[in-house]
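Worksheet for the structure shown next.
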Ligand code: NFS
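In my numbering, the protein residues as written are 26 to 653.
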């Protein structure tokens, strides 16, 4: 049995894992320890795309054998990788499409419970893709916008709308390679087709379509999800929020929302403030109703509205062990099936709400955008009932970490330049004068195959020490928030240059941008840095790098590939599905950069990762002639 201290550095999760052991409750950490990762799959050396196999090749002698159809190790790996990209991109684009569906219904007056909250953002997004806004009504602009953004998904020919936001030189490279996305549906369909037995059997050509599909995620589905959510629910501005399990309150009805699309969570925010429900909670003996988020929709609600956040992906089972959760309400993505049995142990209702994501053994209460509160009110009623009948032993880790979250691209612009000359110019200036060495995006999941939060925290520590400004999203942002890095006071941990900038502006050395689809905010920030000037002509010229040190999902692979295709050096940790020293490996880790894109990197060691990223940033500084 593993020592709990080796499983996670999160104190609250440690405390709950100890309670789980005392109470005989199993979590994904236990299952990971008992299930050795399949070594052949881990190397992506097997193929099960047809019934002549499944075939497995030998990672130690990758060219010694081919599959029954003759597929080489490179074809097999490129196809497996492509399917991860397709699935990850599908997840983000389907989420974005749901936001467009909601937006369309709101604009057409069929949904009254939501409205356009941020008209400035509506205008700005519309203008960014060439929609006329002058002397036009909100409804006219919004109608044009949803019609235009639908092309992100359905368009058969031509470039997706947000291609207009891509720096010209970057776009030129994509055009030359033929990888500017059409619509996501088409790209994903084509990628699935091409990875079928007997179709595309050249690893380079497959990878080209992987890039195109991933770009349909980053500059398409994910970006639309972010922009529409901002328009409907408000663009985040910095806000102080408590993170960690101590945000649960023993004397209140605790409702957790965990998932990815913000619409259900927004409705839950209304339900928990509904006077009749608040009264019902009081009648049941509670002081009130306490709404808390987890994972990515949690990160969005935290950034937009200051809703407290209880923890990241590897804490979702552990938090149920507190016994204090009166309902866990989920929608889509990153919801472990194992939650069902843990919730059962504590008599916590686990409620699925989305038509695309049922879980056997959970209670399903369907959420409908047209009458959103019907579902969320019912969840709150279930939670109140559970509060009244609490039997589980309750133990809430007394840990809360306050930090500043909600640094949208728009706010970063404003923060640096001030209201009269909002601009990235001061950021570029500070990079050029060397106070800031470069910018790194550190994002992604936590994974039971590595000590939870540890690689995120150690990597970010090293980067800021070297004067690299860190932008964060998703579960990684929560890892660092729990360690207190998302505060202006954390500037003392930064190198002298970055520290000076943070102190002048009053900002943390680590900026939290929100959920995983909000990685699109990083793409926009990078484009702005290129546009403002002084740092080259394309995203690939920027002294920047990305990392997902504890990734686990296919979405993470799609994100990695769209950052790489956008020109960013992207380093993953924990594991990478590839056989080293193969042609496919050389393509991802070197060849793509030769073609004018970015490239992949891998290291399981966060200190090594930091060195690789800083070396890359220094290489770019040198190429720009701004090294000292
Ligand atoms: Ni991103 Fe969000 Fe977290 Fe990983 Fe899952 S919650 S979309 S995939 S685990 S960062």
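Backbone N, C-alpha and C define an ideal beta-carbon position, used for all residues, glycine too.
Here the structure is a predicted model, which means the values were calculated and not measured.
Does residue 419 pass the burial test, meaning 16 or more other C-beta atoms within 10 Å, or should it be called exposed?
exposed
DSSP-derived helix/strand/coil call for residue 77
coil
Among the candidates 560, 268, 174 and 37, whose CA atom is the shortest distance from the CA of residue 129?
174
I want to check one thing, is the minimum distance from the CB of residue 338 to the heavy atoms of ligand 1 below 7 angstroms?
yes
Does the distance between the C-beta of residue 580 and the nearest non-hydrogen atom of ligand 1 fall short of 7 angstroms?
yes
Residue 583 beta carbon near ligand 2 (any heavy atom closer than 7 angstroms):
Judged by which ligands are present, ligand 2 is missing from the structure shown, whose ligands are ligand 1.
Contacts around residue 131, its chain only, beta-carbon distance under 6 angstroms, and the 5 residues preceding and following it disregarded:
139
Ligand 1 heavy atoms versus the CB of residue 540: any closer than 7 angstroms?
yes
If you pair each beta-carbon of the stretch 198-216 with each one of the stretch 240-252, do three or more pairs fall below 8 angstroms?
yes
Between which two residues does the beta strand (DSSP E) containing residue 265 stretch?
264-268
Under 8 angstroms between the Cβ atoms of residue 429 and residue 581?
no
Starting from residue 354, follow its DSSP beta bridges and name the residues at the other end.
282 and 376
Outcome for residue 4 when other beta-carbon atoms lying within 10 angstroms are tallied against a minimum of 16
With the chain running from 26 to 653 in the structure shown, residue 4 is simply not present.
Output yes or no for whether 8 angstroms exceeds the beta carbon distance between residue 573 and residue 594.
no
Report the three-state DSSP secondary structure of residue 360 (helix, strand or coil).
coil
Rounded to whole angstroms, what is the Cα-Cα separation between residue 432 and residue 152?
22 angstroms
Considering just the uninterrupted stretch of the beta strand (DSSP E) at residue 497, what are its terminal residues?
493-497
So what's residue 426 in DSSP terms, helix, strand or just coil?
strand
Cβ atoms of residue 235 and residue 586: under 8 angstroms apart, would you say?
yes
Measuring only from the beta carbon, is residue 499 closer than 7 angstroms to any heavy atom that is part of ligand 1?
yes
Using the beta-carbon count (16 or more within 10 Å), is residue 252 buried or exposed?
buried
Rounded separation between residue 284 and residue 650 - CA only
44 angstroms
Kindly indicate which three-state DSSP category residue 593 falls into: helix, strand or coil?
coil
Tell me where the alpha helix (DSSP H) around residue 479 begins and ends.
479-490
Would the stretch 391-408 and the stretch 274-293 be scored as touching if the rule is three or more Cβ pairs under 8 angstroms?
yes
Could you give the DSSP three-state label for residue 319: helix, strand or coil?
strand
CA-to-CA distance, residue 196 to residue 103, given in whole angstroms:
24 angstroms
Taking residue 503 and residue 317 to be in contact with their CB atoms under 8 angstroms, please state how far apart those CB atoms are, rounded to whole angstroms.
About 12 angstroms; that fails the 8 angstroms criterion.
Just to confirm my understanding: we take residue 182, look at its own chain, exclude 5 residues before and 5 after, and list those with CB closer than 7 angstroms. What are they?
207
How about residue 156 and residue 189: do their beta carbons lie closer than 8 angstroms?
no
Beta strand (DSSP E) containing residue 432: first to last residue?
From DSSP, residue 432 is part of no beta strand (DSSP E); its letter is neither H nor E.
What do you reckon, is the C-beta of residue 320 under 7 angstroms from a heavy atom of ligand 1?
yes
Alpha helix (DSSP H) containing residue 576: first to last residue?
First-last for residue 576: undefined, no H or E at that position.
Leaving aside the five residues before and after residue 290 along the sequence, list all residues of the same chain whose C-beta is less than 6 angstroms from its C-beta, in chain order.
282, 322 and 326
Could you spell out the range, first to last residue, of the alpha helix (DSSP H) harbouring residue 536?
Not the alpha helix (DSSP H): residue 536 falls in the beta strand (DSSP E), residues 535-537.
Residues bridged to residue 314 by DSSP?
278
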